[in-house]
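S.K.: I am attaching a structure below and will ask some questions about it afterwards.
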Amino acid sequence: MPRRRIEMRKLKEVLRLRLAAGLSNREIARITGIGKTAVSRYVSRARELGLDWPKIESMPEGAIEALLYPSSEEKKPGGPVTPDWDEVAKELRRKGVTKQLLWEEYREDHGGHAYSYSRFCELYASWKGLIEPVMRFEHAAGEKCFVDYAGLTLAVVDPETGETRQAQVFVATLGASNYTFVDVTWSQKSEDFLASHLRAVAFFGGVPRIFVLDNLRSGVTKPDWYEPLLNRSYEDLMSHLGAVAIPARVRKPRDKAKVENGVQQVERRVLAPLRNQLLVGLEDARTQAIELLDKLNDRPFQKMAGSRSSVFVELDRPALQPLPKMRWVPTEWKRAKVHIDYHVEVNRHLFSVPYQYIGEVLDVKVTPNLVEIFRNGRPVASHRRNKARYTTKPDHMPSSHREHRRWSPPRVVSRAKRIGAHVSELVDRLLSSKIHPEQGYRPCLGIVRLADKYGEDRLDAACRRALAFSAVSFKSVRSILEKGLDRIEEEAESQTAPVEHGNIRGRKGFVDGGRPC
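Here you go:
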């Protein structure tokens, strides 16, 4: 006579009392009214399948029934061999491995004692608790790395100031193996965020194809469900690593479940044990955190065979991309408006761009040695970084400014000497009359350029006349040339100029004998 099935509600209670409450089979039989042998049989079946109470509690009753009540085919002596579902799940994380392939290999090994493909898939789905139509994340080896910051911070003494600061904790978790990395930085700013990624891939010994991040300001400029906008510096790092970054979808907690579990484990197994430790400097904090992290990664899984470390060695590490050969050059992107003087300001330094872009907002890429400026993705200017306040390229100037810049103070003095001795003397006297020689540069430039309009001989003569009257200025020299006074003979210059005054009478104001009229 076939054995009568126990209703699923009562069967789940049997499993709860044994697997969660820890009661003996005898006690459970007395409480539930189910025979002790039946209790033992169902508990043993659950344990053979690697089921614990949290797993059973979350499974639909249909899935539990399929697992605990084997089909008539399975009851026959010498019936189908149950696959190692832990191994099946592990193999499915390998790139290109499918359930069809694993079933074919399983059938080759066990021949007539193998399940049909449909039953194989049904049992695997029941084992995984996948009956409900929910997308489950099974990550291919070496494919994804989930990154985020822990909610807890770490007290670290700043060796430069002696003050205790709250350091940020960066967590990166590989999708297939759950292998985890931890970094400690002073902030979550872009430069620290990018540096943590570099330390992570160095720790892993390779690069995953995809980084999945929460919508951190360090990596995502504009969160969006469909088309999030990544930080430009983060995009540059991804390009350097040969990877892509995918922000977690807004308001989709399942997208972040992997890293949130990693963060939780780090908080419990790494940060909590360090809470009373004296950590001096970031390097000390990182060293002690990694020591505890190694223990976490080596800790056996509760629900499957192996550990994070063993699965990493077997699955993730062989599938990671190689590390880049070239060293990463940190980049910082800014938006800057072109001032009226055709310069953009970057970190309190002014760099020139072609004057045609005055008033526009351009993209600026800053590296330790170089500043590159782009308009709509096209480079328009590039400068080496230096300590000067201004960096200007002549070809960025309007033609009038370019001509003005051509005349440096030494060139003005040299040009004055070539024009004539008087021009040279006047320029020297004008420069020496100023507290700062730069104050006399512009008028001197104006004087020597008068030779372009009036000729060198006339300019030298005008400077001679200006020196004679101690009229050492640009305006005096220009006035002499405009009025033609430079053409008066030297002899005439030496004569005393007649005094003209409205109150002095001319010859007509007198009569014979010099008597006034």
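For the sequence shown, the numbering used here gives the first residue as 88, with consecutive numbering after it. We put the CB at the ideal spot given by N, CA and C, even for glycine.
(1) Pull up the distance between the alpha-carbon of Asp371 and that of Val269, whole angstroms please.
(2) Quick check on this structure: which residue in Gly249, Gln253, Arg319, Gly292 has the alpha carbon closest to the alpha carbon of Leu281?
(3) Output the boundary residues of the alpha helix (DSSP H) element that contains Pro141.
(4) Is it right to say Asp573 is buried, meaning 16 or more other beta carbons lie within 10 angstroms of its own, or is it exposed?
(5) When the distance is taken between beta carbons, is Val299 closer than 8 Å to Ala330?
(6) Short check: CB of Arg252 to CB of Trp273, under 8 Å?
(7) Quick one: grab the DSSP three-state call for Gln389.
(8) Leaving out five residues before and five after Arg338 in sequence, what residues of the same chain have Cβ atoms less than 6 Å from its Cβ?
(9) Contact between the segment 239-255 and the segment 353-363: three or more CB pairs below 8 Å?
(10) Need the endpoints of the beta strand (DSSP E) that Lys452 sits in, please.
(11) On the three-state DSSP scale, how would you describe His426?
(12) When the distance is taken between beta carbons, is Arg180 closer than 8 Å to Leu402?
(13) Kindly list the residues whose CB is nearer than 7 Å to the CB of Lys123, restricted to its own chain and excluding five residues on each side of it in sequence; keep chain order.
(14) Name the residue from Arg414, Phe233, Gly292 whose alpha carbon lies nearest to the alpha carbon of Pro334.
(15) Which term fits Lys424, buried or exposed, when burial requires 16 or more other beta carbons within 10 angstroms of its beta carbon?
(16) Residues in the same chain with beta-carbon distance under 8 Å from Glu512, minus the five sequence neighbours each way, listed in chain order, please.
(17) My output table needs one value for Phe207: the three-state DSSP class, helix, strand or coil.
(18) Ordered along the chain, which non-local residues of its own chain (more than five positions away) have a Cβ less than 8 Å from that of Ala579?
(19) Could you spell out where the alpha helix (DSSP H) holding Ile118 opens and where it closes?
(20) Leu517 and Pro530: beta carbons closer than 8 Å?
(21) Is the Cβ-Cβ distance between Phe291 and Leu328 less than 8 Å?
(22) Do you know whose CA, among Gly368, Glu100, Val126, Gly349, lies nearest Leu380's CA?
(23) How is Arg414 classed by DSSP in three states: helix, strand or coil?
(24) Taking the alpha helix (DSSP H) that Asp547 belongs to, which residues open and close that run?
(25) Consult DSSP for Gln253 and reduce its assignment to one of helix, strand or coil.
(26) Thinking C-beta only, is Leu532 closer than 8 Å to Arg565?
(27) Starting from Asp235 and walking both ways along the beta strand (DSSP E), at which residues does that stretch end?
(28) For a test of the three-state rule: what should DSSP assign to Asn466, helix, strand or coil?
(29) Between Pro409 and the rest of its own chain, which residues show a CB-CB distance below 8 Å, the 5 nearest in sequence each way excluded?
(30) Which class does Arg103 belong to by DSSP, given the choice of helix, strand or coil?
(31) Write down the C-beta distance between Ile121 and Lys99 rounded to the nearest angstrom, noting that I regard them as a contact closer than 8 Å.
(32) According to DSSP, is Glu432 helix, strand or coil?
(33) Leaving out the 5 sequence neighbours to the left and right, which residues in its chain are closer than 6 Å to Phe561 when beta-carbon positions are compared?
(34) Report, in whole angstroms, the separation of the C-beta atoms of Thr267 and Val256, which I expect to be a contact under 8 Å.
(35) Excluding the 5 residues preceding and the 5 following Val244 in the sequence, name in chain order all residues of the same chain whose CB lies nearer than 6 Å to its CB.
(36) Can you tell me whether Asp428 is buried or exposed, with buried defined as 16 or more other CB within 10 angstroms of its CB?
M.R.: In terms of the structure at hand:
(1) The alpha-carbon separation between Asp371 and Val269 amounts to approximately 13 Å.
(2) Arg319
(3) Judged by DSSP secondary structure, Pro141 falls within the alpha helix (DSSP H) whose first and last residues are 140-145.
(4) buried
(5) no
(6) For Arg252 and Trp273, yes; Cβs fall inside 8 Å.
(7) Gln389 falls in the coil class under three-state DSSP.
(8) Low local confidence applies: a pLDDT of 47 at Arg338 is under 50, so the model's placement there is unreliable, with the coordinate-based value given in what follows. For Arg338, where only same-chain residues beyond five positions count, there are no Cβ hits under 6 Å.
(9) yes
(10) 448-453
(11) Residue state, collapsed to three classes: coil.
(12) yes
(13) Asn112, Arg113, Ala116
(14) Phe233
(15) exposed
(16) Excluding positions up to five away in sequence, the list reads Cys550, Leu554.
(17) helix
(18) Note on Ala579: pLDDT 47, under 50, position unreliable in the model; the coordinate value appears next. No residues qualify anywhere along the chain.
(19) From DSSP, the alpha helix (DSSP H) with Ile118 extends over 112-119.
(20) In contact: Leu517 and Pro530 (Cβ atoms closer than 8 Å).
(21) no
(22) Gly349
(23) coil
(24) 543-555
(25) When DSSP states are grouped into helix, strand and coil, Gln253 belongs to the strand group.
(26) no
(27) 231-236
(28) The sequence as given places Pro at residue 466; Asn does not occur at that position. Annotated three-state conformation of Pro466 is strand, per DSSP.
(29) Excluding residues within five positions, the ones whose Cβ falls inside 8 Å are Gly293, Val294.
(30) DSSP places Arg103 in helix when its eight states are reduced to three.
(31) Not really, about 12 Å apart at Cβ, beyond 8 Å.
(32) strand
(33) Pro530, Gly533, Ile534
(34) Contact flag wrong, Cβ pair sits at about 12 Å.
(35) Thr251, Val367
(36) That one is exposed.
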